[in-house]
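Peer 1:
Rendered as structure tokens:
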């Protein structure tokens, strides 16, 4: 036996307050938003449908099959950095905006280059 006869999966369980707090702090430490793929590596087994109640999920270029960002409510999604399709778009940042952040990590450290 087994299988289940094609019954629809139950809706995902709502996130508990501790999980939401941890995710909120995680996003705050990263400026309020980040690439959803990186976020989901940190918080495994969480579905977009569970997050939509607490956070803003945005598809890049409106392409739902492509990359997504997750942000705190009221925070604009960060610009999509890792594009390989041409030069980056110039950013018009008026007075009073903070300078950009460096996002990434050093994968290989070459002692000879310093």
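Residue numbers (the numbering used here): 19 to 132. Just so you know, even glycine gets a beta-carbon here, dropped at the ideal spot from N, CA and C. Only a predicted model underlies this, so the values are computations on that prediction, with no experimental measurement involved.
Roughly how far, in whole angstroms, is the beta-carbon of residue 74 from the beta-carbon of residue 91, given that I think they are within contact range, below 8 Å?
Peer 2: Contact flag correct, Cβ pair sits at about 6 Å.
Peer 1: Mapping the DSSP letters down to three states, classify residue 15 as helix, strand or coil.
Peer 2: Because the chain spans 19 through 132 in this model, residue 15 falls outside it and cannot be assessed.
Peer 1: What number of angstroms, rounded off, separates the C-alpha of residue 84 from the C-alpha of residue 78?
Peer 2: Computed Cα separation, rounded: 7 Å.
Peer 1: Evaluate residue 36 with the Cβ neighbour count: other Cβ atoms within 10 Å of its Cβ, from every protein chain shown; 16 or more gives buried, anything less gives exposed.
Peer 2: Flag for residue 36 reads exposed.
Peer 1: When DSSP labels each residue in this structure, what does residue 81 get in the three-state scheme?
Peer 2: Residue state, collapsed to three classes: coil.
Peer 1: Taking buried to mean at least 16 other C-beta atoms within 10 Å of its own C-beta, is residue 95 buried or exposed?
Peer 2: Label assigned to residue 95: buried.
Peer 1: Residue range of the beta strand (DSSP E) that residue 94 falls in?
Peer 2: Run containing residue 94: none; DSSP gives neither H nor E here.
Peer 1: Starting from the C-beta of residue 101, find all residues in its chain whose C-beta is less than 6 Å away, skip the five residues before and the five after it, and write them out in chain order.
Peer 2: Confidence in residue 101 is poor, its pLDDT being 44 and thus under 50, which makes the residue's placement unreliable; the coordinate value appears in the next sentence. Taken in chain order, the list of residues that qualify is empty.
Peer 1: Pick helix, strand or coil for residue 51, following the three-state DSSP scheme.
Peer 2: Residue 51 falls in the strand class under three-state DSSP.
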